[in-house]
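Below you'll find the structure, written out as structure tokens, and then a few comments.
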Amino acid sequence: MSDWLGPAEWQALALSLWVSFFATLLSLPFGVFIAYALARWQFRGKHILNVLVHLPLILPPVVTGYLLLLTFGRQGAIGSWLYDNFGVILAFRWTGAVLAAAIMAFPLMVRSLRLAIEAVDPKLEQAAATLGAPRLWVFVTVTLPLILPGLIAGSVLAFAKAMGEFGATITFVSNIPGQTQTLPSAIYAFLQVPGGEGSALRLVVVSVVVAMGALLASEWLARRAVQRIAGS
1 MSDWLGPAEW QALALSLWVS FFATLLSLPF GVFIAYALAR WQFRGKHILN
51 VLVHLPLILP PVVTGYLLLL TFGRQGAIGS WLYDNFGVIL AFRWTGAVLA
101 AAIMAFPLMV RSLRLAIEAV DPKLEQAAAT LGAPRLWVFV TVTLPLILPG
151 LIAGSVLAFA KAMGEFGATI TFVSNIPGQT QTLPSAIYAF LQVPGGEGSA
201 LRLVVVSVVV AMGALLASEW LARRAVQRIA GS
């Protein structure tokens, strides 16, 4: 396979896997917290929070990318603060690609986790709480093992979405080879130059293989998790 892909194609693949991994990792703790809050808690503004979480699915990705640029760019409210205090730059960096991919993938992760949490009988959590267990310990020992299949499914969905993210990423971090050029951006770039169709097709095949591999791994891990839960 090393002879089949050129250096630029390998760079795009490696960067996509890198960005998707960290985007999923970044989304996971926030996704679990938000999903649990939406599934279990009643509070003012819950419907607004739910709308905000799912907004990236509704907005055109280019709009999301532009909003990220306005917020996290060097002149943005948060971006200027990050740069002035920590020297952190997100726009036109691979770290910005992680942020864009995480935001676009976040709704899919939250939705999967919320459905998994809602499927857990609250009486199981209440029984553990009546025995004196703290709320966090109840979640770790009771809820988390039961939602593990949903957590795996949500993580894989987020990873796959991050791998395929294009509009928000290219708007926020551009399409810089070796720095911000992910698989979708590379495919787009190759299609814009004469003779680039072959490279684009190879990257399309790689994208399909990676996506199918992730889904198969997700199925296997989810089944193992279900078997462990049933066995215990």
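Everything in the sequence shown is counted per UniProt numbering, starting at 1 for the first residue and increasing by one.
The C-beta atom is built at its ideal place from N, Cα and C for all residues, glycine as well.
Whose C-beta lies closer than 7 angstroms to the C-beta of residue i among residues of the same chain, with five residues either side of it excluded?
i      : result
VAL120 : THR143, LEU146, ILE147
GLY196 : PHE190
THR182 : ALA12, LEU15, SER16, VAL19, ALA97, THR169
VAL138 : GLU125, ALA128, ALA129
ILE34  : VAL53, VAL110
Put residue i into one of helix, strand or coil per three-state DSSP.
i      : result
ARG111 : helix
ARG135 : helix
GLY164 : helix
ASN50  : helix
ARG224 : helix
THR182 : coil
TRP18  : helix
VAL156 : helix
ILE147 : coil
SER174 : coil
Hey, would you say the C-beta of residue i is under 7 angstroms away from at least one heavy atom of the ligand SAM?
i      : result
TRP137 : Because no ligand of any kind appears in the structure shown, any question about the ligand SAM cannot be addressed here.
Between the options, which lies nearest to residue i when the distance is taken from Cα to Cα?
i      : options                        : result
PHE159 : LEU131, ALA214, VAL193         : ALA214
LEU201 : ALA211, PHE190, PRO194, ARG224 : PHE190
ALA23  : ASP84, LEU108, MET212, SER218  : LEU108
LEU136 : ARG44, PHE172, VAL173, TYR36   : TYR36
LEU52  : PRO7, ILE78, VAL110, LEU99     : VAL110
ALA8   : PRO194, VAL208, PRO177, PRO29  : PRO177
Please go through the same chain and pick out, in chain order, the residues whose beta-carbon is closer than 6 angstroms to the beta-carbon of residue i, but skip the five residues on each side of it.
i           : result
TRP165      : For clarity, residue 165 is Glu in the given sequence; the question names Trp instead. Excluding residues within five positions, the ones whose Cβ falls inside 6 angstroms are ALA101, MET104.
residue 238 : This structure leaves residue 238 out entirely; the chain is present only between 1 and 232.
PRO61       : GLY167, ALA168
- Message: So within the stretch 45-110, which uninterrupted beta strand (DSSP E) runs reach at least 3 residues, ignoring any that extend past its ends?
- Response: With a minimum length of 3 residues, there is no unbroken run of beta strand (DSSP E) contained wholly in the stretch 45-110.
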